[in-house]
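Participant: Residue 844 in our numbering sits at position 3 of the sequence shown; the count goes up by one each step and never skips.
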Amino acid sequence: MNRRNVIALLFVTLASFVIAGCRTAPVMNIEESPITVSGKYSAKDVRKAIIRAGTSLGWRVKDIKPGHLEATLLIRKHMAKVDIFYDKKKYSIKYKDSSNLNYDGTNIHSNYNGWIQNLDRSIQAQLATL
Numbered sequence: 842m843n844r845r846n847v848i849a850l851l852f853v854t855l856a857s858f859v860i861a862g863c864r865t866a867p868v869m870n871i872e873e874s875p876i877t878v879s880g881k882y883s884a885k886d887v888r889k890a891i892i893r894a895g896t897s898l899g900w901r902v903k904d905i906k907p908g909h910l911e912a913t914l915l916i917r918k919h920m921a922k923v924d925i926f927y928d929k930k931k932y933s934i935k936y937k938d939s940s941n942l943n944y945d946g947t948n949i950h951s952n953y954n955g956w957i958q959n960l961d962r963s964i965q966a967q968l969a970t971l
């Protein structure tokens with residue numbers, strides 16, 4: 842290979858790594874996911890289940906007011922922050938803030954959506970224990 846072909850190959854390889862590293866997707870929010878467990882439980886039990894779910898995945902969860910939690914996930918140089926609204930019958934996970942996740946007002950790095958899906962699954966699993 843001549844020098845020009847080597848430079849072109851290196852450029853194409855580098856460009857493909859940059860493009861692959863910038864995967865974005867529409868921001869995922871969980872809207873009013875129903876709580877379908879049976880038995881006697883309260884909104885406080887739902888709160889405890891959400892906190893257990895979040896902390897088990899590395900989220901820092903804090904109370905804002907009854908029915909409203911804020912959860913923050915720090916991974917390397919990335920930060921994701923969500924509001925979690927809940928009552929006895931449903932919960933929602935909504936984007937609040939982020940850093941180093943390429944958020945543009947609509948789209949965000951696709952890893953964020955994976956973290957939200959994991960949080961949602963973990964909440965469902967904790968709620969199943971009520």
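Yeah, the Cβ is synthetic: ideal placement off N, Cα and C, and Gly gets one too.
1) Would you tell me roughly how many angstroms separate the C-alpha atoms of K889 and N952, rounded to the nearest one?
2) First and last residue of the beta strand (DSSP E) that includes L960?
3) Could you name the residues of the same chain whose beta carbon sits closer than 7 Å to that of D938, not counting the 5 residues immediately before and after it, in chain order?
4) Please list the terminal residues of the continuous alpha helix (DSSP H) segment that includes D886.
5) Reducing DSSP to helix, strand and coil, say where S879 ends up.
6) Under a Cβ-count criterion, where at least 16 other Cβ atoms within 10 Å of its own Cβ denotes burial, should H950 be classed as buried or exposed?
7) Does the distance from the C-beta atom of A884 to that of K935 stay below 8 Å?
8) Opposite V923 in the DSSP bridges: which residues?
9) Would the beta-carbon of A989 fall within 8 Å of that of I964?
10) Report buried or exposed for I905, applying the criterion of at least 16 other Cβ atoms within 10 angstroms of its Cβ.
Facilitator: On the basis of the data shown:
1) 26 Å
2) Here L960 belongs to no beta strand (DSSP E); instead the alpha helix (DSSP H) covers S951 to L968.
3) K922
4) A884 to S897
5) coil
6) buried
7) no
8) A912 and Y936
9) This structure leaves residue 989 out entirely; the chain is present only between 842 and 971.
10) exposed
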